[in-house]
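Below is one structure, written out as structure tokens; comments come after it.
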Amino acid sequence: MVPTITAFQRPPDRGRALTRDLCVKWALEEVGQPYAVRHVSFREIKESQHRALNPFGTIPTYEEGSLVLFESGAIVLHIAQSHAGLLPVEPAQAAKAISWIFAALNTIEPPLAELEKALRLKEPHNGYEDTLHVIEKRLRVRLTDVSSALGDAEWLDGKFSAGDLMVVSILRRWIALGIPHEFPNLANYVVRGEARPAFQRALRVTHR
């Protein structure tokens, strides 16, 4: 059965392909699974029909027969566990790759999300610069950790995995903010991820 995922009708990222549906499309392209995309508006994602699929009123959702999933990390993990190609066969190595899926969303993303939120403020408050400095420092600590874990390797743990897919997806947002590339190995890591044929196919679907 061909799964259906939701994506924004008019993405809020101004065509930069940074919304969460892209990593799901990328995962499906990596494993060679055909899929359909249902575009929804900002109004529609808050309505009861969509909330029946995703109680938080966000995207993406994943529908495959009676199975309905939400949260991009959970969807990518399901795809990786259901198809060959995104997780190592050896259980211990697969567990390490899964650890990086959780690290991307629970450890790397939070300070990045804080920074994105702070930079969107139209009227900075008193102490804004100090707050921004603290957030940037916290983000740089996390980037330093990832940079050290990657080192000179091509991917985080040998072959490309779902863990790399999620980490690259988060790091793309860091680069989009225009933060100086203090971590060239991470910048090159993102370039390698974006150069994968499956990513390029997902990107073309996103820009249709």
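For what it's worth, my numbering labels the leading residue of the sequence shown as 45, then goes sequentially.
Using N, Cα and C, we set each Cβ at its ideal position, and we do this for glycine too.
Since the structure is predicted, the reported quantities are computational estimates derived from the model, not experimental observations.
My guess is that residue i and residue j are in contact by the Cβ rule of under 8 Å, so how many angstroms apart are they, rounded?
i      : j      : result
GLY207 : ALA141 : 4 Å
LEU221 : LEU163 : 7 Å
ALA61  : LEU247 : 6 Å
Relative to the C-alpha of residue i, which candidate in the options has its C-alpha closest?
i      : options                          : result
ILE49  : GLU73, ARG82 and PRO78           : ARG82
VAL235 : VAL249, LEU209 and HIS251        : LEU209
VAL178 : ASN170, ILE89, ASP189 and LEU159 : LEU159
HIS127 : TYR233, PRO56, ASN232 and PRO78  : PRO78
PRO241 : LEU121, GLY76 and ARG54          : GLY76
ARG64  : PRO47, GLU88, SER92 and ILE103   : ILE103
ARG217 : ALA197, GLU153 and VAL84         : GLU153
LEU149 : LEU176, VAL211 and ASP174        : VAL211
Beta carbon of residue i, beta carbon of residue j: below 8 Å?
i      : j      : result
LEU111 : THR105 : no
ILE123 : LEU130 : yes
PHE86  : PHE100 : no
SER205 : PRO155 : no
ALA193 : LEU187 : no
GLU73  : ARG182 : no
LEU66  : SER191 : no
LYS69  : THR250 : yes
So residue i is in the alpha helix (DSSP H); what residue range does that whole segment cover?
i      : result
HIS177 : 172 to 194
GLU160 : 153 to 163
PHE114 : Segment 111 to 114 is the beta strand (DSSP E) holding PHE114; no alpha helix (DSSP H) there.
ILE214 : 206 to 220
For residue i, count neighbouring C-beta atoms within 10 Å of its own C-beta (all shown protein chains included) and say buried if the count is 16 or more, exposed if not.
i      : result
LEU165 : exposed
GLY117 : buried
TYR172 : exposed
Grab the span of the beta strand (DSSP E) containing residue i for me, first residue to last.
i      : result
VAL84  : 80 to 84
THR105 : 105 to 108
Less than 7 Å separating the Cβ of residue i from some heavy atom of the ligand HEM?
i      : result
GLY129 : Of the ligands one can find in the structure shown there are none, so the ligand HEM has no counterpart to examine.
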